[in-house]
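The structure under discussion appears below in the form of structure tokens.
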Amino acid sequence: MTHFGVTLSQFIMEEQRRFPEATGNFTLLLNDIAVSCKMIAAAVQKGQLANVLGATDNENCQGETQQILDVIANELFIKNNANRGHVAAMASEEMDDVFNIPENVPRGNYLLIFDPLDGSSNIDINGPIGTIFSILKTDKKNPTEEDFLQEGTKQVCAGYCLYGSATMMVLTIGYGTHGFTLDPAIGEFILTHPNMQIPSSTAEYAINQANRNLWEPPMRKYIDECDLGVEGPRKKKFTMRWVGAMVMDIHRLIQRGGLFAYPMDSSLTEKGGRLRLMYEANPMAFLVEQAGGIASTGYERILDLAPEKLHQRVPVIMGSTDEMKIILDNHKAFAKEAGKEFTHQCKSYA
Ligand code: F6P
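Numbering (the working numbering) for the sequence shown: 3 to 352.
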């Protein structure tokens with residue numbers, strides 16, 4: 003049955019009224035992003051029927067084998083956005099360097115940075131996967147990597163598209179986090195989850211438990227206390243969920259509360275963490291904060307980090323405020339003992 007409601011385009015046009023100086027370019031850019039995601043959703047849904055599963059022979063700049071769908075999703079984003087005149091440059095997980103808009107093509111004021119297909123290890127098992135994107139502004143006509151290196155607080159928009167049992171786009175432009183479901187009958191994203199709010203209390207966490215022995219003490223203390231259940235200090239029974247696709251694990255916590263963590267561990271020290279700041283941690287932190295949650299490295303608010311590199315990795319811990327406060331207190335106490343800096347401050351954790 004077709005659901006009659008506000009479409010994503012109608013929603014963005016309404017939101018544009020908040021900015022009387024708006025030219026309409028941002029609205030058009032979001033439209034192009036939505037079209038790209040619909041095309042990716044179509045490829046994902048055909049799966050092996052369209053020969054899109056499996057790996058390529060290439061590695062991306064992070065040393066990860068590119069899946070066929072990683073490449074298709076990246077190309078769709080580039081093709082749908084490069085010639086439209088709204089972006090000044092693009093960058094993605096699948097490209098070593100910044101993608102410059104071809105000469106003679108009009109360019110706009112936006113920088114688009116994205117992870118075309120998050121959760122690649124789920125592709126071949128028909129598990130949930132997604133696209134994550136972040137939009138920044140620039141006044142440069144030929145931006146370089148440096149122009150992308152802006153704090154997460156400077157994002158004008160962040161979102162993800164989840165290719166799950168239904169396809170959903172969740173986004174924020176700084177006025178709440180809103181969810182849209184793709185109605186396949188009419189090919190439109192319809193506003194189904196306005197103003198999503200993360201419940202502050204939860205008894206569910208998502209973390210790769212196999213890394214337990216490698217985590218820093220504050221994270222291990224938190225999970226150990228959860229695992230003691232009703233008998234332990236938390237006096238409640240916790241559940242663990244790990245889909246292995248950040249988009250899905252974060253979507254679950256935005257919908258019903260919870261915690262998502264890929265914290266620092268001793269195997270990641272040199273890399274700086276597991277997840278990428280610019281196109282994973284920052285957009286998700288913006289969405290989580292706008293839905294009332296907290297997002298941190300354990301020591302610093304993610305959105306306050308000053309990026310150093312396009313493909314920089316960081317520790318990520320985000321979710322329901324009650325749990326995040328306990329985790330941040332653990333890190334604060336550990337930082338004091340270990341002579342480390344603790345600077346996390348946000349409106350829910352002063
Ligand atoms: O991009 C990284 C990613 O696929 C995330 O989506 C996911 O949360 C994580 O890696 C899974 O990591 P692991 O393979 O350690 O479970």
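For every residue, glycine included, the Cβ atom is placed at its ideal position computed from N, Cα and C.
Owing to the predicted nature of the structure, the values given are computational and were not obtained by experimental measurement.
- The nearest non-hydrogen atom of ligand 1 is less than 7 Å from the C-beta of alanine 247.
- In this structure, the alpha-carbon of threonine 133 lies about 11 Å from that of leucine 71.
- In this structure, Gly176 is the residue among Cys163, Asn144, Gly176 with its C-alpha nearest to the C-alpha of lysine 156.
- Contact annotation, threonine 29 with glutamine 18: C-beta distance approximately 5 Å; criterion of less than 8 Å satisfied.
- Asn82 is the residue among Asn53, Asn210, Tyr351, Asn82 whose C-alpha sits nearest the C-alpha of isoleucine 35.
- The shortest C-alpha to C-alpha distance from threonine 179 to any of Gln211, Glu206, Met97, Ala287 is the one to Ala287.
- Relative to ligand 1, the beta carbon of aspartate 126 is positioned no closer than 7 Å to any heavy atom.
- Inclusion of aspartate 251 in the 7 Å shell around ligand 1 follows from its C-beta lying nearer than that to a non-hydrogen atom of the ligand.
- In the DSSP assignment, proline 118 falls within the unbroken beta strand (DSSP E) covering 112-120.
- Annotation: asparagine 210 is outside any beta strand (DSSP E) and is labelled neither H nor E by DSSP.
- By the criterion of a C-beta distance shorter than 8 Å, proline 201 is surrounded in its chain by Arg258, Gly259, Ser322, once the five residues flanking it on both sides are discounted.
- Contact check between the region 315-335 and the region 284-303: three or more CB pairs, one atom from each, fall below 8 Å, which counts as touching.
- Isoleucine 192 sits away from cysteine 159, with the two beta carbons spaced by 8 Å or more.
- Its chain contains Ala93, Ser94, Glu95, Ile115, Phe116, Asp117, Ile134, Phe135, Ser136 as the residues whose beta carbon lies nearer than 8 Å to that of tyrosine 281, once the 5 sequence neighbours on both sides are disregarded; these appear in chain order.
- The beta strand (DSSP E) runs lying completely inside the region 178-251 and spanning 3 residues or more are 179-185, 190-195, 206-209, given in chain order.
- For methionine 41, the enclosing alpha helix (DSSP H) starts and ends at 27-48.
- DSSP lists Tyr351 as the bridge partner or partners of cysteine 348.
- Taking all protein chains shown into account, isoleucine 188 has fewer than 16 neighbouring C-beta atoms within 10 Å of its C-beta and is therefore exposed.
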